[in-house]
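Numbering (this note's numbering), first residue to last: -12 to 374. Idealized CB from N, CA, C, for every residue including glycine. Worksheet: the structure to be examined is printed underneath.
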Amino acid sequence: MKKFCLSLVCLLLLVTCASCKSDMKEIQNLNFATALGVDFKDGQYQLYIQLVGLEAVAKTEGETSPAQTYISTSSGKTLLDAYFELYKSEQEVIIFSHISTIVVSEAIIERGLDHVLDELTRYYEYRLTPWIFATKDPIDKVLSTLGLFKQSSLETLLHHPDRSSKQSTMVRPIKLYQFFREIFEPGKTTYLPGITITESQWKNNLKKEPKLTYSGAFFIKDINYKGFYILDSIKGIRWVSKGTERSSLKVPDGENQDTIIVIDNIKTKKKLVDSEGGNYHFEVQLDVKASIGNKVNDQKYNQLLTETKEHLTKEIKDLFQLGLEEGVDFLDLGHILFRSDFESWEKDKENYLDKSEVEVSADVTIQHASAFKNKRFEELNERGKTN
């Protein structure tokens, strides 16, 4: 009898458990947000959420389904209002923990990033690892731009800027936690890489196809917007920013001819040398490893080495001079002054830049001529053949 009762109880438990409704959801019934955009216009915050179809991410062999990208747009007096406006039209639960990039507009930077950054740290699903960009273009168009071969938006520099930076770095990409760390440092000038949509560089079967590209950089100091500058005007920023992996330097040789030097290893040191007498003398030291990308004339090795040093230092000096004219501390000298001489920084933190001078030196090693990587110039130099 006891065995019968025990069996009956077990059977009832199995039936009850089997009939319970589970709180778990199938993956196809969830919407995974992959990117977030924030703008401010007409007195309201504009929130953009990018959703990419899972079939575009995990394709099986033989399937050629086109990439599907949904962009949701909502607005509110605060960013949180915009979120709850979004929830009114969501078809399934939106998961925010997979966001890998954030795009903010110039209007948001001008207004101040305080509110946006505050919202991004309060919701538990948000991580601090997404890339962060700024743009002057409509954010919905930026988030809708596809990769090559009709790949989804996930296969663009918006989500993987580190991939393209390995071939060429003009402005270093930055993650949200790195930006947080820099933006709240006293006296520090940081920047967000700018992106835009170009329709002039890529064609698909002779038809223009829009693609994302870097446009320049948006500079910020103490949460205050200092301005946007195009790539050509701030070439020297790549030599003084951490995160530059590989870049090219044009070394003029005669009329309308340039030798291309490829730099793929650079170490930069910036320090305060002297702060007496009310003036500040800084020093920027470069240690560069490079190779010859092409050679348009019969330049001697030592001549090419000298010209490379000259043009490296010139780009940094030009950047410093532009900063003096625009009132922007491109070389981030204020933070160096803060850390090295706090009393001077407290006294002159509003006008230290006008009292600053910069000396730039470069130690350059051209290791090989690309095609002959096994024969390094150091080895040839020992044999007296570098000339």
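(Q) Cutting at 8 Å between CB atoms, please list the residues of its own chain near residue 331, excluding the five before and the five after it. (A) 262, 267, 324, 339
Q: With DSSP as the reference, label residue 121 as helix, strand or coil.
A: strand
**Q.** Same chain, Cβ closer than 6 Å to residue 40, neighbours up to 5 away in sequence not counted
**A.** 55
Q: Ignore the nearest five residues each way along the sequence and tell me which others in residue 61's own chain have a CB closer than 7 Å to its CB.
A: 34, 69, 72, 73
Q) Quick one, are the C-beta atoms of residue 315 and residue 206 less than 8 Å apart? A) yes
Q. Is it right to say residue 118 is buried, meaning 16 or more other beta carbons lie within 10 angstroms of its own, or is it exposed?
A. That one is buried.
(Q) DSSP three-state label for residue 301, please. (A) Of the three classes helix, strand and coil, the one that applies to residue 301 here is helix, per DSSP.
Q: Report yes or no: do the segment 83 to 99 and the segment 16 to 33 share at least 3 C-beta pairs separated by less than 8 Å?
A: yes
Q | Exposure label - residue 30; buried when at least 16 CB within 10 Å | A | exposed
Q: Please state whether DSSP places residue 116 in a helix, a strand or coil.
A: coil
Q. Touching or not, the segment 131 to 143 and the segment 162 to 178, by the rule of three or more beta carbon pairs under 8 Å?
A. Taking a contact to require three or more Cβ pairs closer than 8 Å, the segment 131 to 143 and the segment 162 to 178 do not qualify as touching.
Q: Measuring alpha carbon to alpha carbon, tell me which of 328, 333, 319 ends up nearest residue 176.
A: 319
Q) So with Cβ pairs under 8 Å, would you call residue 105 a contact of chain B? A) No chain B is part of this structure, which consists of one protein chain only.
(Q) Measuring CB atoms only, is the segment 301 to 316 touching the segment 200 to 220, in the sense that at least three cross pairs come out at less than 8 Å? (A) At 8 Å Cβ cutoff, the stretches touch.
Q. Could you give the distance in angstroms between the alpha-carbon of residue 334 and the alpha-carbon of residue 265?
A. If I take the Cα positions, the gap works out to 10 Å.
Q: May I ask which residues mark the beginning and end of the beta strand (DSSP E) holding residue 334?
A: Taken as a continuous stretch (DSSP letters only), residue 334 belongs to no beta strand (DSSP E), being part of the alpha helix (DSSP H) at 329 to 335.
Q) Rounded to the nearest angstrom, how far is the Cβ of residue 345 from that of residue 277, given a contact under 8 Å? A) So it is not a contact: roughly 22 Å between Cβ atoms.
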